[in-house]
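So the protein sequences, as listed, match chains U and V.
Note that my numbering gives residue 207 to position 207 of the first sequence, counting from 1, and the numbers run on in steps of one.
Heads up, my numbering is the position in the second sequence plus 311, with the first residue counted as 1.
Each residue gets a CB set at the ideal place from its N, CA and C atoms; glycine is no exception.
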Amino acid sequence: MSGTRQILDRVSPRLQRRWDARAATNFICGGAGGGLLIVTALASLWNPGLRPLVVLAMALVAAGLTAVWFEIGRPRRAFNVYRNVATSWMSREAMLAPPLFAFAAAAIILNWSIAYWIAGLLGLAYAYAQGRMLCANIGIPAWRQPGVVDMILTTSLTEGTGLLCAAALYWPALAPFGFLLAAVVLLRFLVWRNYLANLRRAGAPSGTLEAFDAFDSPFAWLGHAMPVLAALAGAVIGSVLLLAFAGVLAAGAGAWFKYVLVCRAAFTQGFALPRTPSRGGGAAGAGGAPGWIGGQGLLQPSVPRRRNEDV
Amino acid sequence: MSKRYVMAIDLRRCVGCQTCTAACKSANATPPGVQWRRVLDLETGEFPDVRRTFLPVACMHCANPPCMHVCPTTATKKRDDGLVTIDYDICIGCGNCIMACPYDARSITHEPSYAYGEPMASEIARFDPERLSVATKCNFCVDRIDQAAVTGKTPGVDPEVTPACVNSCIAGAIHFGDIMDPNSNVSQLLASTKSFRMHEELGTDPSVYYIWDGAET
Chain U
1 MSGTRQILDR
11 VSPRLQRRWD
21 ARAATNFICG
31 GAGGGLLIVT
41 ALASLWNPGL
51 RPLVVLAMAL
61 VAAGLTAVWF
71 EIGRPRRAFN
81 VYRNVATSWM
91 SREAMLAPPL
101 FAFAAAAIIL
111 NWSIAYWIAG
121 LLGLAYAYAQ
131 GRMLCANIGI
141 PAWRQPGVVD
151 MILTTSLTEG
161 TGLLCAAALY
171 WPALAPFGFL
181 LAAVVLLRFL
191 VWRNYLANLR
201 RAGAPSGTLE
211 AFDAFDSPFA
221 WLGHAMPVLA
231 ALAGAVIGSV
241 LLLAFAGVLA
251 AGAGAWFKYV
261 LVCRAAFTQG
271 FALPRTPSRG
281 GGAAGAGGAP
291 GWIGGQGLLQ
301 PSVPRRRNED
311 V
Chain V
312 MSKRYVMAID
322 LRRCVGCQTC
332 TAACKSANAT
342 PPGVQWRRVL
352 DLETGEFPDV
362 RRTFLPVACM
372 HCANPPCMHV
382 CPTTATKKRD
392 DGLVTIDYDI
402 CIGCGNCIMA
412 CPYDARSITH
422 EPSYAYGEPM
432 ASEIARFDPE
442 RLSVATKCNF
452 CVDRIDQAAV
462 TGKTPGVDPE
472 VTPACVNSCI
482 AGAIHFGDIM
492 DPNSNVSQLL
502 ASTKSFRMHE
512 ELGTDPSVYY
522 IWDGAET
């Protein structure tokens, strides 16, 4: 579809461009940081001295929030974001950030085990809030699917575990976490298949499904098959290189998924007609939902020709 | 809710002239590229049964507005009369409401822009910096409606307190009024016709009804 046709056609779903790579960065970095915090808390039971990973996690979350700060229209009013904790998941996400940083800092400075765990749980809650934030945006069919929350949570855990395994280059004692990485990668794959199946069943803009179809196969191979094999091999034979490779692949694929979700597959709802009006002496007719595949309730799926289609 | 202002748009009458679009732009001085109200042009069906429908759209002023729920600042609020408004002084321009709206009703512009590059005198006079970098949308000409409380006139009946698009419609396709009043123009019109609301299945409870046939058909 040419740019001109996109501008002329305000009926069909169109790719949203308001939330760009900066918004995607918040989900990528924030989720990875949150996931890294919880797995670091787990790893700290056997491996003291993982404070640099907590620093990394904090830096990731901070990077995500900084990206958002550069995206909003009125950054000097940023603290207004706390005014609607009652219903807004964006407010709740923002509310989680200060205690997350506080307990992460306590873990770094004081090396308290309880601080690691509270920071980890807050990191998990942060990733959950991000998933709920997306899901509440019902104007984007790909986001309002309930399975998107599961996807954001599992990929955040996967990215965090991936980063932990990449850190095995410096902490070889983390090698056994390759088994955990394999497990969460497999879980993410199952959640992804479930999300995609539910999306097709519910109906979605054709642009969304095209974006996911193009992404699906490389995501499966690079983001799941290869990391699982490399993680298991690395854990079994104790190869930190293989483990790090698996971790980078798993984390990178998660970041890629979030970018596709926010910037490539995020088509709007578009408009639809259950019925076309009776005009003059004629009768009402069947409706249409341009640009949709499946779903749409009572609507009759149709393949409408748009005005100026040849422009 | 003692009052609920709704719009009833008769699709049988709309001819796609875009007069409502122009009236809205004139009344609200929206910048280039921003159309709080616009008329969509849909062709449906396959030859020989091809139909063309003109669909005026804007903010639906939902009774269950997703934009209000997701807004982190409470800038978006729903009034007792059903109008959904934005407080430009609180909004941080995060765009969350834009993602939440299934009707493509909201927009944010970050830079001043003018129809012909350099601003005309009218554009200079009507430029509002408070509307930069915040979400904006149709507000059912809330300033005009609020005048009804002062003047005692009736929105949807008296033009001075009726949205500009309603006043401007040359086909008499757009109607406005209080649906909680069974004797209002919109209540009587909707009782005598068949109508639908856009994307009702999403649970937004929109306040814009699209009439597609007579009740007796």
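Examine chain V for any beta-carbon lying closer than 8 Å to the beta-carbon of U/F257, and answer yes or no.
Cβ-Cβ to chain V under 8 Å: no for U/F257.
Could you pull out every residue in the same chain whose Cβ sits closer than 6 Å to the Cβ of U/Y116, ignoring the five residues on either side in sequence?
Closer than 6 Å at the Cβ level, and outside the excluded window around U/Y116, lie A41, S44, A107.
Leaving out five residues on either side along the sequence, give the residues of the same chain with a beta carbon under 6 Å from the beta carbon of U/A166.
Close CB contacts of U/A166 within its chain, under the 6 Å cut and outside five residues either way in sequence, are with A244, G247, V248 (chain order).
Strictly under 8 Å for the Cβ-Cβ distance: is U/N198 near chain V by that measure?
It does not: the Cβ of U/N198 has no partner Cβ on chain V nearer than 8 Å.
Within 10 angstroms of the Cβ of U/G160, are there 16 or more other Cβ atoms? Answer buried if so, exposed if not.
The residue in question, U/G160, is buried, as its Cβ has 16 or more Cβ neighbours within 10 Å.
Can you list the alpha helix (DSSP H) stretches of 4 or more residues lying completely in the stretch 142-220 of chain U, in chain order?
Entirely contained in the stretch 142-220 of chain U, the alpha helix (DSSP H) runs reaching 4 residues are, in chain order, 147-166, 177-202, 206-220.
Taking V/I419 and V/I403 to be in contact with their CB atoms under 8 Å, please state how far apart those CB atoms are, rounded to whole angstroms.
The beta-carbon separation of V/I419 and V/I403, rounded to 11 Å, does not stay under the 8 Å limit for a contact.
Taking buried to mean at least 16 other C-beta atoms within 10 Å of its own C-beta, is U/G35 buried or exposed?
Buried.
Inter-residue Cα distance where the pair is U/A182 and U/V228
Approximately 5 Å, taken between the alpha carbons.
May I ask you to verify whether the stretch 457-466 of chain V touches the stretch 432-446 of chain V, counting CB pairs closer than 8 Å and requiring at least 3?
The stretch 457-466 of chain V makes no contact with the stretch 432-446 of chain V, as fewer than three CB pairs between them are under 8 Å.
Taking Cβ positions only, does U/Q130 come closer than 8 Å to chain V?
For U/Q130, the nearest beta carbon of chain V is not closer than 8 Å to its own beta carbon.
So what does U/W292 bridge to, in DSSP terms?
Bridge partners of U/W292: U/P205.
What are the boundary residues of the beta strand (DSSP E) that includes U/P274?
Per DSSP, U/P274 is one residue of the beta strand (DSSP E) stretching across 273-276.
Near-chain U residues of the stretch 362-393 of chain V - C-beta to any C-beta below 7 Å:
Correct list: R362, T364, L366, V368, P377, H380, V381, C382, P383, T384, T385.
Taking its Cβ as the centre, do 16 or more other Cβ atoms sit within 10 Å of V/M431, making it buried, or is it exposed?
Burial call: exposed.
When Cβ atoms are compared, which residues of the stretch 271-287 of chain U fall closer than 8 Å to chain V?
So the close ones are F271, A272, L273, P274, R275, T276, P277, S278, R279, A283, A284, G285, A286, G287.
For the stretch 343-360 of chain V against the stretch 391-405 of chain V, are there 3 or more C-beta pairs whose distance is under 8 Å?
Contact between the stretch 343-360 of chain V and the stretch 391-405 of chain V is absent: fewer than three C-beta pairs spanning the two stretches fall below 8 Å.
So which residues of chain U does V/G404 contact, with C-beta pairs closer than 7 Å?
For V/G404, the chain U residues whose Cβ falls inside 7 Å of its Cβ are I72, G73, R74, in order along the chain.
With 8 Å as the C-beta to C-beta threshold (strictly closer), list the residues of the stretch 88-102 of chain U near chain V in chain order.
Correct list: S88, W89, M90, S91, A94.
By how many angstroms is the C-alpha of V/C382 removed from the C-alpha of U/L174?
Using only the alpha carbons, I get a separation of about 42 Å.
For V/E512, does the three-state DSSP call read helix, strand or coil?
Correct three-state label for V/E512: helix.
State the DSSP-derived secondary structure class of V/K388, mapped to helix, strand or coil.
Strand at V/K388.
Sort out for me which residues DSSP pairs V/E354 with in a bridge.
Among the bridge pairs identified by DSSP, V/E354 is matched with V/R363.
Touch check for the stretch 48-62 of chain U and the stretch 16-36 of chain U: three-plus C-beta pairs under 8 Å?
Yes, the stretch 48-62 of chain U is in contact with the stretch 16-36 of chain U.
Give me whichever residues DSSP pairs with V/V368 in a beta bridge.
BP columns for V/V368 point to V/R349.
Using a Cβ-Cβ cut-off of 8 Å, state whether U/I138 counts as contacting chain V.
It does: the Cβ of U/I138 has a partner Cβ on chain V nearer than 8 Å.
Does any C-beta atom of chain U lie closer than 8 Å to the C-beta of V/C328?
Between V/C328 and chain U, the shortest Cβ-Cβ separation is not below 8 Å.
Taking 8 Å as the cut-off, does the stretch 126-136 of chain U touch the stretch 9-19 of chain U (at least 3 CB pairs, one atom from each stretch)?
Touching, no, given that fewer than three Cβ pairs across the two stretches are closer than 8 Å.
Delimiting residues of the beta strand (DSSP E) encompassing V/M318
Element bounds for V/M318: 316-321.
For the stretch 369-377 of chain V against the stretch 506-522 of chain V, are there 3 or more C-beta pairs whose distance is under 8 Å?
Yes, the stretch 369-377 of chain V touches the stretch 506-522 of chain V.
Local conformation of U/Y82 per DSSP, three classes
Residue state, collapsed to three classes: helix.
Bridge partner(s) assigned by DSSP for V/T396
Residue pairing for V/T396: DSSP places it in a beta bridge opposite V/K388.
Name, please, each residue of chain V whose Cβ falls closer than 8 Å to the Cβ of U/Q16.
What U/Q16 touches in chain V, judged by beta-carbon distance under 8 Å, is I409, M410, going in chain order.
Which class does V/K505 belong to by DSSP, given the choice of helix, strand or coil?
Strand at V/K505.
U/L299 (DSSP reduced to helix, strand or coil)
Low per-residue confidence applies at U/L299: pLDDT is 42, beneath 50, and the placement is therefore not dependable, though the value from the model is reported in the following sentence. In the structure shown, U/L299 sits in coil (DSSP, three-state: anything other than H, G, I, E or B).
Run down chain V in chain order and give the residues with a C-beta less than 8 Å from the C-beta of U/A78.
The answer, in chain order, is I403.
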